[in-house]
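What follows is one structure encoded as structure tokens, with my remarks underneath.
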Amino acid sequence: METLIIERSGRGIVTVTLNRPAKKNAINERMWDELLAAFREIDERTDDRCLVLTGAGDAFCSGADLGGETERAVHQLHRMHHFNNVALALHHLSKPTLAKINGIAVGAGLNLALGCDLAVASDRARFSEIFVKRGLSIDLGGSWLLPRLIGMHKAKELALLGEIFDAREAERVGLVNRVVAHDELDASATEWAERLASGPPLALAMTKRLLTNSLSCGLAEALEAEALAQTVNIASDDTAEAIRAFFQKRSPSFKGR
Numbered sequence: 006m007e008t009l010i011i012e013r014s015g016r017g018i019v020t021v022t023l024n025r026p027a028k029k030n031a032i033n034e035r036m037w038d039e040l041l042a043a044f045r046e047i048d049e050r051t052d053d054r055c056l057v058l059t060g061a062g063d064a065f066c067s068g069a070d071l072g073g074e075t076e077r078a079v080h081q082l083h084r085m086h087h088f089n090n091v092a093l094a095l096h097h098l099s100k101p102t103l104a105k106i107n108g109i110a111v112g113a114g115l116n117l118a119l120g121c122d123l124a125v126a127s128d129r130a131r132f133s134e135i136f137v138k139r140g141l142s143i144d145l146g147g148s149w150l151l152p153r154l155i156g157m158h159k160a161k162e163l164a165l166l167g168e169i170f171d172a173r174e175a176e177r178v179g180l181v182n183r184v185v186a187h188d189e190l191d192a193s194a195t196e197w198a199e200r201l202a203s204g205p206p207l208a209l210a211m212t213k214r215l216l217t218n219s220l221s222c223g224l225a226e227a228l229e230a231e232a233l234a235q236t237v238n239i240a241s242d243d244t245a246e247a248i249r250a251f252f253q254k255r256s257p258s259f260k261g262r
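Take any residue in the sequence shown, count from 1 to its spot, add 5: that is its number in the numbering used here.
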């Protein structure tokens, strides 16, 4: 990888670091390719149990690298479809995903973070749906993510004004789960990642999908999906292990089967 650092721990945590610090980790063509490959590989590897996404240096991601050029519409549409595949690969990843936001996260960089299941941010982080200030409309799933996370009126405020706001405001409106002191960010993200990685993979994957799908289905459909998921869980080795561990007063060891 030229633009990413991928590190794996023996605990099932895989950390993907956007690694263009001189450009505030702006996403160029190579990084788009490598993100897509990384997300797809993580989804396929059974020993990868949790993804942590972060940025090198003092930024999370300053958005797409515009490169000072505009493209012909037909070429740009092709590129956007490629970017969309990255957003979809992250969205469909069956493992829990955690954004560790260490600095500025704007534009596509912010929406990449919002595409993760959970987000913990440094108190130094800054955020913006900055597209409108660059003569652009919102992308990388922001039009879908923002209203679901913070409601339509607040989503329109962020997208139409494009203002920069701080980590506490991001926490207040619900864009991030937790804000911590900058020097506590690594420890806080690791603690959550370890808890996610040690959880039951099947149950976590199905819970994640149930919650994501809940906004596009009725109660009857949600209940039926829950019933099917629970049927799979009850028949799994992991549920049997959880019950044994409960009676033996120990922590369970889940294998994902």
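Backbone N, C-alpha and C define an ideal beta-carbon position, used for all residues, glycine too.
Item: Helix or strand or just coil, what does DSSP make of G73?; Value: Here the model assigns G73 a pLDDT of 47, short of 50, so the residue's position is not dependable, and the following value carries that caveat. Coil.
Item: Can you find at least 3 beta carbon pairs, one from the region 118 to 129 and one from the region 233 to 250, that sit closer than 8 angstroms?; Value: no
Item: Hey, L58 and V21: beta-carbon distance below 9 angstroms or not?; Value: yes
Item: What are the partner residues of R131, as DSSP defines its beta bridges?; Value: D171
Item: Pick out whichever of D52, R129 and A104 has its Cα sitting closest to the Cα of G60.; Value: A104
Item: With H, G and I counted as helix, E and B as strand and the rest as coil, what does DSSP make of R255?; Value: coil
Item: Under the rule that 16 or more other beta-carbon atoms within 10 Å means buried, what is I32, buried or exposed?; Value: buried
Item: Under 9 angstroms between the Cβ atoms of F170 and A118?; Value: no
Item: For M36 and G204, I'd like the C-alpha separation in whole angstroms.; Value: 30 angstroms
Item: Using CA coordinates, which residue listed in C121, K29, I135 and L56 is at the minimum distance from R16?; Value: L56
Item: Hey, which unbroken runs of the alpha helix (DSSP H) at 4 residues or more fall wholly within the region 52 to 124?; Value: 78 to 97 and 113 to 119
Item: Grab the span of the beta strand (DSSP E) containing E229 for me, first residue to last.; Value: Run containing E229: none in the beta strand (DSSP E); it sits in the alpha helix (DSSP H), L224 to I239.
Item: Return the CA-CA distance between G112 and L220, expressed in angstroms with no decimal places.; Value: 24 angstroms
Item: CA-CA distance, P257 and R200?; Value: 12 angstroms
Item: Suppose you measure from the CA of E12 to the CA of V184; what does that come to, to the nearest Å?; Value: 24 angstroms
Item: Please specify which runs of the alpha helix (DSSP H), each continuous and at least 4 residues long, are wholly inside the region 11 to 57, giving them in chain order.; Value: 34 to 49
Item: Taking only three categories from DSSP, how would you classify A126?; Value: strand
Item: Quick one: grab the DSSP three-state call for L163.; Value: helix
Item: Among residues of its own chain, excluding the 5 on either side of M6, which ones have a beta-carbon nearer than 6 angstroms to its beta-carbon?; Value: E39
Item: How many angstroms separate the CA atom of C121 from the CA atom of T217?; Value: 12 angstroms
Item: Between which two residues does the alpha helix (DSSP H) holding R214 run?; Value: P206 to N218
Item: Report the partner residues of L150 according to the DSSP bridge assignment.; Value: Answer by DSSP bridge pairing: none, since L150 is not bridged.
Item: May I ask which residues mark the beginning and end of the alpha helix (DSSP H) holding R200?; Value: L190 to A202
Item: Among the residues of its own chain, which have a CB less than 7 angstroms from the CB of W197, if the five just before and after it don't count?; Value: L103, L123 and V125
Item: In three-state terms, what does DSSP make of V184?; Value: strand
Item: Going by alpha carbons, who is nearest to P152 out of K161, L145 and D144?; Value: K161
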